[in-house]
Each structure stands twice: as structure tokens, then as C-alpha cells.
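20 is the number of the first residue of the sequence shown in our numbering; add one for each residue after it.
Let me begin by presenting the structure, written as C-alpha cells, before commenting on it.
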Amino acid sequence: MARQSGEDFVRGAGSNTAAGSAGGGQISKDSFARARRVFPDGTSRVTIERDPEPIYIERGAGSHVFDVDGRRFLDLNCNFTTLIHGHAFPPVVQALTDQIQRGSCFANPTKGEIELAELLCGRIPHVDRVRFVNTGTEAVLFAVKAARAFTRRSKIAKIEGAYHGAYDWVEVSQASAPANWGDPAQPKSIQNYQGMPDSVLDEVVVIRFNDVEGARQLLSAHARDLAAIVLDPMPSRGGLIAPTPEFIAALQETARNNGILVIADEVLNLRQGFQGASARYGLVPDVITMGKIIGGGLPIGAVGGREDVMKVFDASAGRPLLPQGGTFSANPLSMIAGLASMRHLDHAAFSHLETLGTLIRDGISRLIEKSGASLCVTGAASLFRVHPMGRPPSDYREAYLSQGGAAVMKELTRFFASNGIILPYGAAACLSTPMTRADAELVVDVFAGFLDSDQNKLDLI
């Protein structure tokens, strides 16, 4: 791969990239000023990056997006890993164009929901039945409710630092910090927003990721009250760290021995392979939550699992143990878009993504080793994340950003943006099927430029 200095990267990125500017251009600045007059902080999502204003996007095509100021970026965010086929994927565009002429939503079911459900049940192990909802948050919400209805227990266990959407019980200890996270052997349940009821905190057992003995002890101690353990096989917010086989085995064995259901949250990580992430890591869940990639870029969520567990939704004999519905659940637009997207996610597509992901992670790792910088990279398949530390973390506490580390990661994001690449700050970067080997090599080259630049702040680690 060709090497340039950090200064050369910024000067030579080209007129149709984000050269020399990490924040928004003038039209983005003006748009943000308008937005601040109608939104509490100028945005509708806390996850929007502002440096100091957001980059407003005009359109997307394939693996690239174009902002309102005419700049072109390689997109490693893909709407938080949703767009596995990139932007404006032609089969999805065509499917939506055809469907919108027939109607956008109905009070009655459509064939599209059956076809997408058949695809998921046929592809994802341990999904005997499925229900569609509108978001990943809803999918996790109903998975937890299903576990409670099935087991007649109320408590759940979850992983410290893991994100599972905006549902009180799974938000516990989502953003705990050194000042409050407590003993490593018994992490505290920490509220995620001001006013979260203490009763919620009392119903959640927090476990450290990859802590084998801690998982066994805590699950066993609360077994009589635990409905489920909620597990993202590779928590993005928690560090994008792979689970050890011993940790997976300990969770499953303890859960099975105590009648605790295992909920695999694959809203994000279903993109790790043709059959998802659980199959990749040897996890055998009772319930799986899905979202993001299964909607083809439209709002969607799904909860699936064992037939006996999913029977709690069954209303054929009267009121079910768990009533579930939603105005836009299984709407035909999301079903048709999801079907078009998933049908094109074949083994060849996943092989392509795996190859590019390996190229990027290995390339970045080699550069780090050569430079001696206190950095590392984690991830798998089409996902990667850079950490400001010398060795890969094993859990959320080890991945937690120090003040200096946060400054380095912010500069990394800025450097990538100024060289025409959108790299998420403090989260998983992802690839899409339209990306090429040249795109992947560009990512590695820009990282090399960052290491050589005068603005990397690596001395703060």
C-alpha cells in the first residue's frame, strides 16, 4: 500500500472528499443553527456526532455518502451498522418503489411478512418462530417480557457496559464508570438516566464480560429469580470484544442448570455471518433478537426463538401470556426491503465482507506493531474498533476510555473525516458489500497517515 505523511493526506484528499475539515461545511453549520431552534440540543439522536456540528448528509450511493456541502465520504458507520449493502441498494430501491405504489401499511397482514419470517427461520439456528416489531429496542423489550412470561420470574442478568436499546432494565450499567461501577466480582447496577426507579436496579444482575467465575457465581446466586441472561455475543459499546469459549460455556451451563433463558441480542451482530453471531461463537440461545440488517435500511426489529418460548405470544386460544402489537409492526415496506436485502446476503457476500474485515484489522495491527503505538484493534467479520491501549481489552472495564484515550480517539475520527472517511467515535466501524479492496486499503493507508501525523495526541495515552 502506498504511504503518505499525515500532512500529505489532508492536502491531497481531493476536491470531492472531506479534505482538511473534520466538522461540517457551511451548509451543515447553517442547518445545525436552524436545528438548535427546534431540537433540545440540535439533534433527534444522542448518538449524532458533533465536532462541533454534525455533518448533514444529502444522499448516499453504495459505500459512500455525500454531504450537503458536496463532499464525498467512505461510510464506515452505515447508520450504525444497518446498511450492510450500503446506500440506495438497487434491489431494495426497486422493491420499495414497487411496494409504495401498492400501499405503505395496512391493518391486515401481507405475504411479505411470511416470506421474511420464512427466510429468518430457515437461516438462523434456534429460530423456530418469529415476531416482527419496529426497532431493536422493541425486540429486546419483548424478548425480556417473553422470558418473564415463560419462566414466571422477573429478574434479568446483563453484561456490564453492553447496549441493548432504550428499555429500562437493559439500560442498567450501560454507561457505568470507574467512580460507580463497584467491585469487579459483583458489579453495581447503575442507573442510565436521572430518575430511573430503584426498583429497576433491584431487578438487574450485572455481570462482567468474559468473567467465567463471576458469571457462574452471580447467576447461581440469583437463579430462583432470574428469567434470562441478555447477551450480545460481541458487545459494540462494551468494546467489540470476542467472547471466550469458556465464558460462553459457563453462561450456557449455568443458565440451563437453573432454568434461566439465554437471550442473544443480535440486533447488531447478526451481520457477523450467514447464520449470525451465536453460531459463530458456539452460543445456543433460547431467544434471539434481530434488527438493523434485516430491514434493508427501514425501521425493523424481530424476536425469535424456541417454539415453546415463542408460544407466549400465541393468541389463537384467547388472550396470550404476552400480548404484542404495534401500528407499524410487520409493515410491508420494511418486510419487502428486508427481504430484498437478506436474499442478497448469501455466502459469497459474507465471504467478501470477511475478507475486507480481515484485511483492515490485520493491516491496522501491523502498522501499530511497527510504530510501537499504544493502540490495538478488536472486532470480527465486517466490524472493527480501534482502542487507545497496548493490548486488546477483555471486558468493558478494560476498554473504558481514559481522558487521554478519548482525546486520541477523537483525533482519529477527525483525521479520518478530513481524509474522506466517516469513522464512528467510540463504537464499531463496519463494512458494506459495495466496498472494494481498494476501499479497505484506503482505510489502512489513512490509519498509517494518522500514526505519522502531528495531531494524533498519542503521547496522552
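We treat Cβ as the ideally placed atom computed from N, Cα and C, and that holds for glycine.
- Query: Given 8 angstroms as the limit, is there contact between the region 329-338 and the region 180-199, that is, 3 or more CB pairs closer than that?
  - Reply: Contact annotation: the region 329-338 does not touch the region 180-199, with fewer than three C-beta pairs closer than 8 angstroms.
- Message: Determine whether the beta carbon atoms of D305 and L270 lie at a separation below 7 angstroms.
- Response: No; because the gap between Cβ atoms is not below 7 angstroms, this pair is not in contact.
- Message: Helix, strand or coil, according to DSSP, for M354 in the structure here?
- Response: Here M354 carries a helix assignment [DSSP, helix/strand/coil].
- Task: State yes or no: is the C-beta of L95 within less than 7 angstroms of the C-beta of I319?
- Result: Not closer than 7 angstroms, so no.
- Task: In the DSSP assignment, find the unbroken beta strand (DSSP E) run with C395 in it and report its ends.
- Result: In the DSSP annotation of this structure, the continuous segment of the beta strand (DSSP E) that includes C395 starts and ends at 395-397.
- Task: Check the C-beta distance from A367 over to P110 and give it rounded, since I have them as a contact under 8 angstroms.
- Result: Wrong, their Cβ atoms sit about 15 angstroms apart, outside the cutoff.
- Task: Following the continuous alpha helix (DSSP H) through F466, name the residue where it begins and the one where it ends.
- Result: Looking at the DSSP string, the run of the alpha helix (DSSP H) that includes F466 is 456-471.
- Message: Under 8 angstroms: do the region 100-115 and the region 439-453 share three or more Cβ pairs, one atom per stretch?
- Response: Yes, they touch.
- Task: Count the other CB atoms, across all protein chains shown, that sit within 10 Å of the CB of R416; report buried if there are 16 or more and exposed otherwise.
- Result: In summary, R416 is buried, with 16 or more beta-carbon neighbours lying within 10 Å of its beta-carbon over all protein chains present.
- By the 10 Å Cβ neighbour count, where 16 or more other Cβ atoms means buried, how is R404 classified, buried or exposed? Result: buried.
- Message: I believe G301 touches I260 by the beta-carbon criterion, under 8 angstroms. Please report the beta-carbon distance rounded to the nearest angstrom.
- Response: Incorrect: roughly 16 angstroms between the Cβ atoms, too far for contact.
- Message: Can you tell me whether I260 is helix, strand or coil according to DSSP?
- Response: In the three-state scheme derived from DSSP, where H, G and I count as helix and E and B as strand, I260 is classed as coil.
- Query: Skipping 5 residues on each side, what residues in its chain have a beta carbon closer than 8 angstroms to that of A176?
  - Reply: Sequence-distant partners of A176 (beyond 5 residues in either direction) whose C-beta falls short of 8 angstroms from its own C-beta, in its chain, are V223, V224, V225, I226, L237, L238, H241, L245, A247, I248, V249, I279.
- Query: Rounded C-beta distance between L139 and M309? I'm assuming under 8 angstroms.
  - Reply: The C-beta distance from L139 to M309 rounds to 7 angstroms, short enough to fall under 8 angstroms.
- Under three-state DSSP, which class holds G214? Shown here, G214 sits in coil according to DSSP, grouped into three states, outside any helix or strand.
- Task: Could you tell me if E132 is buried or exposed, where buried requires 16 or more neighbouring beta carbons within 10 angstroms of its beta carbon?
- Result: When all chains shown are included, E132 counts as buried.
- Hey, how far is the Cα of G315 from the Cα of A296? When rounded, the separation of the alpha-carbon atoms in G315 and A296 is 19 angstroms.
- Task: Report buried or exposed for T452, applying the criterion of at least 16 other Cβ atoms within 10 angstroms of its Cβ.
- Result: Residue environment analysis places T452 among the buried positions, since at least 16 neighbouring C-beta atoms fall within 10 angstroms of its C-beta.
- Query: What did DSSP end up calling T156 once you bin it into helix, strand or coil?
  - Reply: DSSP places T156 in helix when its eight states are reduced to three.
- Task: Let me know the secondary structure DSSP gives H183 once reduced to three states.
- Result: If DSSP states are grouped into helix, strand and coil, H183 belongs with coil.
- Length-filtered (3 minimum) beta strand (DSSP E) runs lying within the region 271-352: Considered as a whole, the region 271-352 harbours 280-284, 306-310, 320-324 as its complete beta strand (DSSP E) runs of no fewer than 3 residues, in chain order.
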